[in-house]
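Let me begin by presenting the structure, written as structure tokens, before commenting on it.
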Amino acid sequence: MSENDWHETKIRVRYKDTDRMGVVYYGNYLTYFEIGRAELMRDLGFPYSAFESDGYSLVVTEANAKYHSNVGYDTLVTVRTKISDLRLVRVSFKYEIVDEQYGLLVSGYTVHACINSNSKPMRIPPELRKIMEENLKS
């Protein structure tokens, strides 16, 4: 990937994702962020199920979303995800959710802390850190 490349995940808006006004309910965009992040990690060889079986998790400590436009049921959107910052215990992801017709719908980020099975902070394991460093994008 080049420096500005994003990992892309396609999601079709389901009826249950929409609100009474017929557009995606704002909180569901955070779920779309999660799907994009999980697919990025899976494609890097680290599915979330592997984290848990290895005794650690990446928990959300901060989430931010800025809403630019909206779409309704059955729209195919693209969730763009990239690793944007990496620390000893924390990692940040940036997101853009876009639609071909309406352009940028939502942008945002999440910050995650690595914790062990006792919910105590721990350093990101070396094998995961190496992959994250190789895929760190500004």
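Numbering-wise (the working numbering), the sequence shown opens with residue 64 and increments by one. For every residue, glycine included, the Cβ atom is placed at its ideal position computed from N, Cα and C.
Residue range 166-179 is occupied by the beta strand (DSSP E) that includes isoleucine 178. Secondary structure at arginine 153: strand, using DSSP grouped into helix, strand and coil. Note that the C-beta distance between leucine 107 and isoleucine 160 is not below 8 Å. Taken in chain order, the unbroken stretches of beta strand (DSSP E) that lie wholly in the segment 108-135 and span 3 residues or more are 119-130. By the Cβ rule, the segment 110-122 does not count as touching the segment 82-94, because fewer than three pairs are nearer than 8 Å.
Nearest to tyrosine 172 by C-alpha distance, out of Gly99, Arg186 and Met185, is Gly99.
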